[in-house]
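14 is the number of the first residue of the sequence shown in this note's numbering; add one for each residue after it.
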Amino acid sequence: RSSMQLLDDAPILKTDVAQPVVVSHPRTGRPSLFVSPTFTRGIVGMHGEESDALLRFLYDWIARPEFCTRVSWEKHQITMWDNRSLSHKGVADDVTEKRVVQRVSIRGTEPIAATFGGR
């Protein structure tokens with residue numbers, strides 16, 4: 014069971030912001046999907062059912078085993094990742110040890126839409 018909570022009064026949850034679905038990593042230029050079941054509400058220009066179907070497909074796609082790395086927690090472990098090109102999910106699978114999880118976010122660049130074929 015996860016203890017993560019999204020606060021109803023968090024400003025990010027009250028602001029509708031259109032972001033690209035595919036973004037370019039600011040350092041490598043590699044494209045990656047920029048969708049999240051927690052924050053993505055729909056795709057601009059698509060009707061509800063069409064948008065929902067595409068988002069379900071994308072969520073299923075990023076959860077495929079070949080795109081996933083499973084981190085098995087060990088005592089004194091530190092795990093870091095680049096949120097600009099990685100989707101993550103916390104799993105509370107080891108309740109035998111107390112874990113302290115702290116999130117550090119570094120302010121970076123705004124998401125930049127990926128371009129394909131010179132467009």
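The beta-carbon is built from N, C-alpha and C at its ideal position, and this holds for glycine as well.
Same chain only: Cβ atoms within 6 Å of P39, ignoring 5 sequence neighbours per side: T122
Paired residues, beta bridge with V36 - DSSP: S45 and A126
D107 versus L46 - alpha carbon distance: 30 Å
C-beta atoms of I125 and V36 nearer than 9 Å: yes
Exposure label - V48; buried when at least 16 CB within 10 Å: buried
Rounded straight-line distance, which links the Cα of I75 to that of S85: 20 Å
DSSP-derived helix/strand/coil call for E63: helix
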